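The block underneath contains the structure these notes are about, expressed in structure tokens.
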Amino acid sequence: MSTHSQASLRIYQQSDHPVEVRLDAERDTVWLTQAQMAELFDVKPQNITMHLKNVYADGELVEEATCKDFLQVQQEGQREVKRKRKHYSLDAVISVGYRVSSARATRFRIWATRILREHLTQGWTLNRQRFEENGRELEAAMALVRKTTGNPALDTTRGRGLVDIVTRYAQTFLLLQRYDEGLLTEPKAAGRWRVADHGE
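According to our numbering, the sequence shown is numbered sequentially starting from 1070.
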């Protein structure tokens, strides 16, 4: 059983219903409860239960590999209550999404198919939101660098801080530039981008 310590990540968002999910970087997956899946696909939790039972009964997935208990802590009045909640991996979410019949499930299938096609044809999938946020962060860091270098009272300590900022954001800047030039290639397993050599 795991605790609720994994990072939260928005994996899929419809215009009116963002879905926050639990990211498990060690297993390269995300985890949703049955209630979250019901909200995602706009159906009753009982429908999710039925589809999960069928997914496992049909041998499409192995329950032990795609279902995990997480300990959730919540306040109920004056007392702190700990409960185990079943969470299901991305594989289970996708399997259920292809079985559910609802307008939201249809939009999810369209989205999942587009992402899969993009990954298969390009060899990678880009998280555009995260990429744009990194770009804005880089712009803010560069503005700070410009402001600091124009300060006549720049001393050794501030200079080191400035070098630290530039060093931290140099990789992001390189990635943004290479993205603009179309030179990004498939990321390595560690989740980092590789810059293409023109000879490749």
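Just so it is clear, CB atoms sit at the ideal spot from N, CA and C, and this is done for glycine as well. Nothing here was measured: the structure is a model prediction, and the numbers come from that model.
First and last residue of the uninterrupted beta strand (DSSP E) at residue i
i, result
"E1145", "1136-1145"
"S1158", "1148-1158"
Residues near residue i by beta carbon distance below 7 Å, same chain, minus five either side
i, result
"V1235", "V1214"
"I1117", "Q1103, M1106, A1107, V1165"
"R1205", "none"
"V1169", "F1110, V1112, N1116, H1120"
"P1114", "Q1103, A1104, A1107"
"E1201", "none"
Segment limits, alpha helix (DSSP H) that includes residue i
i, result
"V1099", "From DSSP, V1099 is part of no alpha helix (DSSP H) but of the beta strand (DSSP E) over 1098-1101."
"Y1125", "1114-1126"
Cβ-based neighbour list, residue i, same chain, cut-off 6 Å, excluding 5 preceding and 5 following
i, result
"Q1147", "none"
"T1226", "none"
"E1132", "Y1125"
"R1173", "F1110, D1111"
"F1177", "G1166"
"A1209", "none"
"A1212", "none"
"G1230", "none"
Burial state of residue i, where buried means 16 or more other Cβ atoms lie within 10 Å
i, result
"T1098", "buried"
"L1243", "exposed"
"I1179", "exposed"
"T1175", "exposed"
"D1266", "Residue confidence for D1266 is low, a pLDDT of 48 falling below 50, so the modelled location carries little weight and cannot support an answer."
"L1140", "exposed"
"V1142", "exposed"
Inter-residue CB distance, residue i and residue j (contact presumed, cutoff 8 Å)
i, j, result
"S1164", "V1124", "5 Å"
"L1130", "A1181", "Actually they do not touch by this definition, with Cβ atoms about 16 Å apart."
"L1121", "Y1157", "7 Å"
Heavy atom of the ligand FAD within 7 Å of residue i beta-carbon
i, result
"T1098", "Here there are no bound small molecules, and the ligand FAD is not part of this structure."
Own chain partners of residue i with C-beta closer than 8 Å, once the 5 adjacent residues on each side are dropped
i, result
"Q1144", "V1150"
"T1135", "Y1157, S1158, D1160, A1161"
"G1268", "Confidence is the limiting factor: at G1268 the pLDDT is only 48, short of 50, which leaves the residue's position unreliable, though a coordinate-based value still follows. Taken in chain order, the list of residues that qualify is empty."
"S1171", "F1110, D1111, V1112"
Minimum Cβ-Cβ distance from residue i to chain C less than 8 Å
i, result
"R1247", "The structure shown contains no chain C, having only a single protein chain."
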